[in-house]
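Worksheet for the structure shown next.
2 protein chains.
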Amino acid sequence: MAMNAVASGLVVSVVPDTGITFPLGFRAAAVRAGLKSKNLDLALIVADQPCPVAGVFTLNLVKAPSVPYSERLVKNGMAQAIFVNAGNANACVGPQGDADNLECAFLTASALGIPQDFVLVASTGVIGRLMPMEKVRAAVPLAAAGIGLSTEIDADVAAAIMTTDLTQKQIAVECRSPHWQGTLRIAGVAKGSGMIAPNMATTLSFVTTDADVSSDLLQAIHSRAIDRTFNRITVDGDTSTNDMCLVLASGASGIPIKSPEAMADFETALEQVLQFLAKEIARDGEGATKLVTVQVVGGRSEEEAAKVAKTIAESPLVKTALYGCDPNWGRIMAAAGRAGVKFDPDKASAWIGDIQVFNHGVGGNFDSDAANTYLKQSEVTLTVDLASGDEAATVWTCDYSYDYIKINAEYHT
Amino acid sequence: MAMNAVASGLVVSVVPDTGITFPLGFRAAAVRAGLKSKNLDLALIVADQPCPVAGVFTLNLVKAPSVPYSERLVKNGMAQAIFVNAGNANACVGPQGDADNLECAFLTASALGIPQDFVLVASTGVIGRLMPMEKVRAAVPLAAAGIGLSTEIDADVAAAIMTTDLTQKQIAVECRSPHWQGTLRIAGVAKGSGMIAPNMATTLSFVTTDADVSSDLLQAIHSRAIDRTFNRITVDGDTSTNDMCLVLASGASGIPIKSPEAMADFETALEQVLQFLAKEIARDGEGATKLVTVQVVGGRSEEEAAKVAKTIAESPLVKTALYGCDPNWGRIMAAAGRAGVKFDPDKASAWIGDIQVFNHGVGGNFDSDAANTYLKQSEVTLTVDLASGDEAATVWTCDYSYDYIKINAEYHT
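Keeping their order, the protein sequence lines are chains X and F. Letter by letter, the first sequence follows residues 0 to 412 of numbering that gives the first Met the number 0. Letter by letter, the second sequence follows residues 0 to 412 of numbering that gives the first Met the number 0.
And the structure:
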């Protein structure tokens, strides 16, 4: 199925039921180390050769050791493997956490026979508890022995990084562009906002591609694409101590990304993969009953439009109204008005789906039954026109339901 | 009962069961205009003479006409009456809203025989619906005829401004200071975050005092006191289109507030009144089961400490954990870490009540049963020490319960 075809001639096609090992030059494995009940909880993603890497990391000051460690390695520009575990975040445990994080890299490097400085580490799960290293020591060699390449392994990796996610989140695409010779592949896997003792909503995401792209260019493209995708989703405004999104580029397709046109098309394709994963995370937000797209148009800058969209998307009053399928335009405009962005409310307008609910400063003259029916769908869109410029931005979120409270209040550390 | 006695010798004593007319020189009335079901919904607060006034107003760009109108009058420095109604916010209805707002002031001025420019207007309730002016026209003369001075009237005024508040919020205090001759009085009434179709959480608050203080000084003192009280509460981070907090000073006590010491003591007393009302609003937040005090100490500035405290107080993950009585220090520290304030997590510490839950970067070594028991109380305190300076700030909030979702999702416009 064609995901999107843009004016340049780029065609991005989803290849169903495949994932992280679909791009050429990657293998993976997932095992059950015993870090979280009885499920898969430890995975390795491995490139055949050291290859360019890029990454973005949580901005939270309270960071797990995996974050500064992997950030430092990404700055080197080359990596070959990712160690990832769920069930234990290895955060807020003091100096032992740093030592255990290093040992995760060491164990992986030893088992794979590659330099330790090529092994990135990502962890998610309970914070404030020491990583049970005896379990990791037993599991890593087993994982390394099982390294392979299959659709089953892809699904296992997607399962292994889940915490309380209800759905696996993976995608693989084939891309063709007139600006490059042949077909290249991009795949990604992510975990969403799950809840772990004592918990926070953690996002981990890993992307592989067989494009031939330098690490500097990959980092620039990845950072821009993240700004428009992962940085545009919000479940509850809380940022984790462990977030990271890494991309490895094997170059095995033999397609160089060098000309400006080739770069632009690669960025678009990567953005589509990241957008898919980001929306899946929003859709599977804790207690969510629907995916909500908040579009703000008519802004003076994309940054300002995004700020307004994010304020609406994070408003508990808006999110509870969406859960209740109530076309509560007053809450939408009140959230827009407090976003810290200048606009003239008497020129602004708003829509729920295609139904205009606020027209140049005056709200309320619309068919509220139709709006209520529209809001009962599993995907809904809110649009606000600030009428102060030509820039736009989109943010994705979910609603707040009883289950959000249930998941987050009834859990006990 | 003595509310507080500070080092300067100031004594502030609460006078039970009285309210807005307790200070000398004020009368009030409340009537049922029919704007909200069958309850009192329109009140007048009237000074015997024109007197100095100060006010703070919502920063939301989407404002009801009452906000810029009253803001303009407050800038003149003198006022004599406040018209306030609940049940209809008179917001987002176009130019007719401006005309209706002016007519509310005109009707009040006519009935009281005072200049229209001395009548402030405050409205709260449904937005997006025209004010039923025929009801207001009938009610204002009735209210003016009933203007008086009694504890029953005080309670009626507190009731008339409520929307879905569960409790009336009023206070009256007598204050003595060695820096002024005799006793002066301050009283206040407020409405909290109630939910009205299509709704937002609105705060209105009115304060009277018989201190003799100029309007410029009153405004400076009021603004500072508001910053430490009303601007330090948060229920859900949403700001209304109609918020205002007004203070009228009759001077009828004959006590001039002029020396720096007299000013300082008056500011402290006013702050105590505002703090009481602010905490009552937080305690009565939608669905709240407990009042939560978030103290941040060891900040580089009061502003930074307040920013961290507010981020913790607004975190849905923290608020749901508090509802669940779960001593979830991970969520508290993760919120602190994303507040945008620089500090070293490895030096920071945190407490739930008196129980230290995070100690210089390491969390989790505490009696979680004792912390759970502590969190079952109706008033709880969280403390975070940033260990980067000597400044502190306090923010008040409430927890997020099923009822928050119920109140805000099950309502239909």
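Think of the CB as a built atom: it goes at the ideal place given N, C-alpha and C, for glycine as much as any other residue. Please read these numbers as outputs of a predicted model, since none were measured by experiment.
Could you spell out where the beta strand (DSSP E) holding residue i opens and where it closes?
i: K134(X); result: Careful: K134(X) lies outside any beta strand (DSSP E), inside the alpha helix (DSSP H) at M132 to A144.
i: G329(X); result: Unbroken run through G329(X) is the alpha helix (DSSP H), W328 to G336; no beta strand (DSSP E).
i: V11(F); result: V10 to V13
i: A29(F); result: F25 to V30
Within 10 angstroms of the Cβ of residue i, are there 16 or more other Cβ atoms? Answer buried if so, exposed if not.
i: K318(F); result: buried
i: V11(X); result: buried
i: G297(F); result: buried
i: N87(F); result: buried
i: G329(F); result: buried
i: P326(F); result: buried
i: T228(F); result: buried
i: R282(X); result: buried
i: P15(X); result: exposed
i: N89(X); result: buried
i: S377(X); result: exposed
i: M199(X); result: Below a pLDDT of 50, predicted positions are generally treated as unreliable, and M199(X), at 44, falls in that range; the measurement from the model is reported next regardless. By the neighbour-count rule (16 or more Cβ atoms within 10 Å), M199(X) is buried.
i: T17(F); result: buried
When DSSP builds the beta bridges, which residues end up paired with residue i?
i: M243(F); result: F56(F) and L203(F)
i: W350(X); result: Q355(X) and T382(X)
i: G362(F); result: F357(F)
i: S122(X); result: N84(X)
i: G187(F); result: I170(F) and V206(F)
i: T396(F); result: V291(F)
i: Y147(F); result: Note on residue identity: the sequence assigns Gly, not Tyr, to residue 147(F). G147(F) is bridged to A27(F).
i: D211(F); result: P255(F)
i: L43(F); result: A28(F) and F82(F)
i: I232(F); result: W395(F)
i: P114(F); result: According to DSSP, P114(F) bridges with nothing at all.
i: T182(F); result: R175(F)
Please determine, among the options, the residue with the shortest C-alpha to C-alpha distance to residue i.
i: V293(F); options: L43(F), G112(F) and D353(F); result: D353(F)
i: S122(F); options: V246(F), V172(F) and S239(F); result: S239(F)
i: V394(F); options: G323(F), Q274(F) and Y401(F); result: Q274(F)
i: F205(X); options: V13(X), A53(X), S7(X) and P15(X); result: A53(X)
i: D209(X); options: N100(X), S69(X), P51(X) and V156(X); result: P51(X)
i: S176(F); options: M132(F), L148(F), M262(F) and L39(F); result: M262(F)
i: G124(F); options: G33(F), E302(F) and E313(F); result: G33(F)
i: T207(X); options: S222(X), D215(X), C244(X) and S192(X); result: C244(X)
i: I232(F); options: S214(F), E313(F), A157(F) and L216(F); result: E313(F)
i: V66(X); options: I280(X), Y399(X), T372(X) and T202(X); result: T202(X)
i: N371(X); options: S109(X), L321(X), A137(X) and T20(X); result: L321(X)
i: K289(F); options: K37(F), P114(F), S400(F) and K405(F); result: S400(F)
i: L60(F); options: I331(X), A277(X) and A219(X); result: I331(X)
i: N241(X); options: R337(F), E285(F) and V188(F); result: R337(F)
i: C103(X); options: G76(X), R136(X), G93(X) and A29(X); result: R136(X)
i: S214(F); options: V45(F), L119(F) and N75(F); result: N75(F)
i: G8(F); options: K168(F), Q180(F), Q218(F) and D226(F); result: Q180(F)
i: S249(F); options: V73(F), F105(F), M77(F) and I225(F); result: M77(F)
i: R71(F); options: Q48(F), D47(F), F105(F) and V120(F); result: V120(F)
Locate the alpha helix (DSSP H) running through residue i, then write down its first and last residues.
i: E173(X); result: No alpha helix (DSSP H) holds E173(X); the beta strand (DSSP E) holding it covers K168 to R175.
i: Q271(F); result: P259 to R282
i: R71(X); result: S65 to N75
i: A305(F); result: E301 to E313
i: A98(X); result: P94 to L111
i: H221(X); result: S214 to D226
i: T372(F); result: S367 to L374
i: I19(X); result: Careful: I19(X) lies outside any alpha helix (DSSP H) and carries neither H nor E.
i: K341(X); result: Per DSSP, K341(X) belongs to no alpha helix (DSSP H) and is neither H nor E.
i: L408(X); result: The sequence shown places Ala at residue 408(X), not Leu. Its alpha helix (DSSP H) spans residues Y401 to A408.
Determine which residues of the region 239-264 of chain X have a Cβ less than 7 Å from any Cβ of chain F, and write them out in chain order.
S239 and T240
Residues of the region 91-102 of chain X whose Cβ lies closer than 8 Å to any Cβ of chain F, in chain order:
C91, V92 and G93
Interfacial residues, the region 308-333 of chain F to chain X, with Cβ spacing under 7 Å:
S314, P315, L316, T319, A320, Y322, G323, D325, P326, N327, W328, G329, R330, M332 and A333
Residues in the region 55-79 of chain F with C-beta within 9 Å of chain X's C-beta atoms, listed in sequence order?
T57, L58, N59, L60, V61 and K62
Which of the residues in the region 266-299 of chain F, read from start to end, lie with their CB under 7 Å from any CB of chain X?
none
Check each residue of the region 376-406 of chain X: if its Cβ is closer than 7 Å to any Cβ of chain F, include it; give the result in chain order.
Y399, S400, Y401 and I404
Against chain F, which members of the region 103-135 of chain X pass a CB distance test of less than 8 Å?
I126, G127 and R128
Tell me which residues of the region 343-363 of chain F have at least one Cβ-Cβ distance to chain X shorter than 7 Å, keeping chain order.
P344, G360, V361, G362 and G363
Along the region 142-153 of chain X, what residues have a CB closer than 8 Å to any CB found in chain F?
none
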